[in-house]
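The structure appears right after this line, and notes come after that.
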Amino acid sequence: MAIVGAGIGGLVAAIELARRGLAVTVFERAGAPGGKLRALAIGDARIDSGPTVFTMRGVFDELFEGAGSSFEAEVAPEPLEVLARHAWTGGARLDLFADLERTIDAVGDFAGAREAEAYRGFAHRARAIHATLDATFMRQSRPSLPGLVRRIGPHRMGALAGISPFVTLWRALGTHFRDERLRQLFGRYATYCGSSPFEAPATLMLVAHVEREGVWALPGGMRRLVDALVRLGERHGVRFRCGEEVAEISVGRAGASGVRLRSGETVEAEAVVSNADISALGSGLFGRAAARAADATPPARRSLSACTWSLVAETDGFPLAHHNVFFSDDYAAEFAALRQGRLPPDPTVYLCAPDRSDPGRADGAPERLFLIVNAPADGDLRAYPREDIEPCETRTFRRLKRCGLNVRRRPESTVVTTPETFARLFPGTGGALYGPASHGWMASFRRPGSRSRVPRLYLTGGSTHPGPGVPMAAISGLLAASSLAADLASTRTSRPAAMPGGMSTRSATTGAPASR
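Under the numbering used here, the first residue of the sequence shown carries the number 2, and numbering increases by one thereafter.
See the structure below:
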C-alpha cells in the first residue's frame, strides 16, 4: 500500500493497515513526517508552529492499544487544569477549567449568576450534540444526511433537531448568553475548523464539550506525538520515505495502482491513500486521472489561513497559561474583514506559551511563544511582503498590550509565517489550513469520505470527513484504513501473507528493480 503524505491522517492509516498485516510505504515530500504538526527552531529552542491543542485523547489510546502499545507510556500526556485563559481590553479575564463546576463558578464571577446558569445549559447542549454525532456521523466513513438520519433512528428525531444545523453558531449562542464576551469566547470554536461563527452552524458547539473532556500538554511538544506514531509504524513494518515527492498517482483500469515520484521512480501498489489536501488532488497536482477523486475547493469556500509568529521573548504584565486568547473589541468587524479578503484591523490573538506548563520555569526568563491571527486563504493569489505584514504585526502585539501583556521581542528571535508561506508548504490549498470552510448546514456533508471517486484511491486528512484538527485527522486515518481493508478483503479469495519491503517498485526509465 502506498500512502501519500505523512500528516496525522497518513500516519494513523499506515499504522492501522500495517497492524492488519499489509505492507505499507509512506511517501512525504518534506524532510520529516508530521504535515502541519511542524516545529521551528530558534536558537536551541524548538517551537510548535502548527496545531498546539491536544484533545480527544481516547482516539489515540485506542489506536496505540490496538497496535500493541500504550499511548500513556509512549507519549505521557499531562492534563491541563486550565483549558485556556481568555482576555479582553481593560484587564477582564476568564479561565475555563476541566472541572465543570469550577468553570460555572468562574463564569459567575466574570459575568454574573444568570450567565453562570446559562453556561450550565450551554454545556449540557454541547454534550448532547456530541453524543448524537460521535458514533452516528463523525466515525462513519461516508458523510450523508440520509445515513445520519438512518443511524440516529426515527425514535430519536428530537436529537437530530437538537444538533441545530440550520442556525448559525453566533445566533445560537445569543439564545444562551447575554454577555457579548461569552458569545465571542464560545463563537471562537468555529475557528477550530477555519470558519466564521457568523456563518458556521451551531452544531460546532460540540467543540466546547470535546475541550471540556480534557486538554493535554505533551512533554516536548506536539512533535512527541509524531515521533511516537512513526516509531509505532516502524515496529509494524511501515517504511517511511521522506524527502520523496509524489508527482503522480497512477490510475489504471481497476483504479489507483501506485505512484510516480518526482525523481522518476515508479512504485506499484495495490491501493493508494492520499493524505494531501483534497484541493491538491482535485486541481490535478497528482495527475489528471487522480483529479477525479475529489473536487478542488473554490477560493470562496476555503477555510481560513493565518499569520503566525514563532518567537523566544520575555513577557510581563499578564499571567500566561499554556493556552491563551486575547479578543478583539469588535468580533463582527474582524470576520467581515476576513470575508472581504483583508487582514483584520483589530485581530483576536491566540497565544501558546508551552513553557508555562513547566513547573521548573524561572519567572521572567525568556520563553517560547507561538501566536496566531486569522487571515484570508489567498496565499496563491497575492504576495505578503514585509511592508504588508508589519502593520498586522503592530496590531497583533498592540492587542496583547491592550489586554495587559507586554512582549519584549527581537527580530532575530522571531519567525513569521504568512498565507503565502502556507500555500507553498501545502500545495493546492492557497494557504487554507482546514480544507473547506464549515459554512452552512451542508458543509459537513460535502466533505469527501474515505472512499474517493477513483477505485482503490482513499482519502484522509483534515480536508476530508470528519474534518480538521489532530483527533479528527486521526479518525479520518482510521476510516481510510478500515475502508481500504474491507474493500481489499471483498476482492480477495484468500489473504496473502505480507511481503517484506512493502511494494513492487520499478524504475520509470529502465524497468529494472529500483533501490529500496
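The C-beta atom is built at its ideal place from N, Cα and C for all residues, glycine as well. As the structure is a prediction and not an experimental result, all values here were calculated from the model.
Per DSSP, residue i is paired with what?
| i | result |
| --- | --- |
| ARG452 | TYR459 |
| ARG303 | PRO437 |
| ALA85 | LEU97 |
| ASN276 | Note: ASN276 sits in no beta bridge, so no partner. |
| ASP317 | ASN407 |
| THR326 | Looking at the sequence itself, residue 326 is Val, so the reference to Thr does not match. DSSP lists HIS87, TYR351 as partners of VAL326. |
| PHE371 | SER311, CYS353 |
| ILE4 | VAL27, VAL274 |
| PHE55 | TRP217 |
Taking just the CA atoms, how far does residue j sit from residue i?
| i | j | result |
| --- | --- | --- |
| ALA438 | ALA297 | 13 Å |
| THR465 | SER477 | 7 Å |
| ARG496 | ALA19 | Note that ARG496 scores a pLDDT of 44, beneath 50, so its modelled location is shaky; the value from the coordinates is reported in the next line. So the two alpha carbons sit approximately 14 Å from each other. |
| ASP100 | ALA218 | 17 Å |
| SER329 | VAL350 | 8 Å |
| TRP171 | PRO144 | 24 Å |
| GLU17 | ARG242 | 18 Å |
| SER306 | CYS393 | 14 Å |
| ALA444 | ALA201 | 9 Å |
| LEU312 | VAL455 | 43 Å |
| LEU352 | LEU372 | 5 Å |
| ALA107 | ARG94 | 10 Å |
| LEU406 | PRO367 | 14 Å |
| ALA515 | LEU460 | With a pLDDT of only 35 at ALA515, under 50, the local geometry of the prediction cannot be trusted, and the value read off the model is given with reservation. If you take the alpha carbons of ALA515 and LEU460, they lie about 27 Å apart. |
| ALA295 | ARG409 | 46 Å |
| GLY195 | ALA424 | 15 Å |
| LEU479 | GLY450 | 12 Å |
| LEU97 | ARG86 | 7 Å |
| ALA536 | ALA474 | Examination of residue 536 is not possible in this model, given that the chain is present from 2 through 517 alone. |
| SER284 | PRO377 | 20 Å |
Should residue i be labelled buried (16 or more other beta-carbon atoms within 10 Å of its own) or exposed?
| i | result |
| --- | --- |
| GLN185 | buried |
| HIS323 | buried |
| HIS131 | buried |
| ASP381 | buried |
| ASP379 | buried |
| GLU102 | exposed |
| THR169 | buried |
| HIS125 | exposed |
| GLN341 | exposed |
| PRO360 | exposed |
| ALA333 | exposed |
| PHE167 | exposed |
| GLY259 | buried |
| THR492 | exposed |
| GLY431 | buried |
| SER71 | exposed |
| ASP278 | buried |
| LYS37 | buried |
| PRO78 | buried |
| PRO80 | exposed |
| GLY468 | buried |
Taking residue i and residue j to be in contact with their CB atoms under 8 Å, please state how far apart those CB atoms are, rounded to whole angstroms.
| i | j | result |
| --- | --- | --- |
| VAL83 | ARG189 | About 16 Å; that fails the 8 Å criterion. |
| ALA119 | HIS177 | 5 Å |
| GLY463 | GLY436 | 6 Å |
| ALA490 | VAL274 | About 16 Å separates the two Cβ atoms, so there is no contact after all. |
| ASP331 | ARG396 | In fact, because the Cβ distance is near 13 Å, the residues do not count as touching under 8 Å. |
| GLY222 | ASP62 | About 20 Å; that fails the 8 Å criterion. |
| ARG224 | ALA24 | Rounded, the Cβ-Cβ distance is 27 Å, inconsistent with contact. |
If you scan the segment 381–418 from start to end, which runs of the alpha helix (DSSP H) of 4 or more residues do you find wholly inside it? 387–403
Segments assigned beta strand (DSSP E), at least 3 residues, entirely inside the segment 235–288: 240–243, 247–253, 256–262, 266–269, 273–275
Which runs of the alpha helix (DSSP H), 4 residues or longer, sit entirely within the segment 162–224? 170–175, 181–188, 207–213
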